[in-house]
Amino acid sequence: MGTVGEKIYHVWQCDSSATGFLVHSCSVGDGRGERIDLIDVDGCAVDPAIQPDVFYEDENRAVVEVYGYKFSGASVLNYECVLEICRSNLECENLTPPKCAREQKEKSVFPQEALRRSRSIGQDMSHHNKRGQIEVAATLTMEDRMDPNTVTSANDLPTLNQQN
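For the sequence shown, position 62 (counting from the first letter as 1) is numbered 62 according to full-length UniProt numbering, and the numbering increases by one without interruption.
Put into structure tokens, the structure is as follows:
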């Protein structure tokens, strides 16, 4: 559960120290057909104003901090991403973390076109069933006000992990 305008943390974590991963091909939808691409197939933010690049704390944990938003007339957001798994330092070396050449991307794509693209990463995830790739989906309900027991900062994450 989140609130419009409040910080929200998307966290991906792998418990095995023998593997790493790349978060890519992320999109968000309203459940009624409207969808926006957030992270491209290389693992880089499509529009950092909506969602910045994913920060890789190490090979097994990635975090992105966003501010809560919602589609007009919808309170539920459906997030979908693909995690590409790598099993050794050699496999992971050129995969994660991604190298996002922001200046080059901004020159090649007009910002307004990035949001209006008809192609949607999340519409058909079946092409991501390659070995080493996992589709991850989550639903987030956006509220007008926040429950006082909700995580509101990155510092609250360890406390939340201890409770589970």
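Even glycine gets a Cβ: it sits at the ideal position worked out from N, Cα and C.
No experiment lies behind these values; they were computed from the predicted model shown.
Counting the other CB atoms within 10 Å of its CB gives Arg35 a total of 16 or more, which places it among the buried residues. Taken through DSSP and simplified to helix, strand or coil, Cys86 comes out as strand. Only buried fits Leu77, as 16 or more other CB atoms lie within 10 angstroms of its CB. With the rule of 3 Cβ pairs closer than 8 Å, the stretch 65 to 82 counts as touching the stretch 4 to 14.
In the three-state scheme derived from DSSP, where H, G and I count as helix and E and B as strand, Cys26 is classed as strand.
For Val41 and His24, the gap between their C-alpha atoms comes out near 5 Å. Its chain contains Phe71 and Ala74 as the residues whose beta carbon lies nearer than 6 Å to that of Asp30, once the 5 sequence neighbours on both sides are disregarded; these appear in chain order. Take the alpha-carbon of Trp12 and the one of Ala62: they are about 5 Å apart. Annotation: the continuous beta strand (DSSP E) that includes Tyr9 extends over Lys7 to Gln13.
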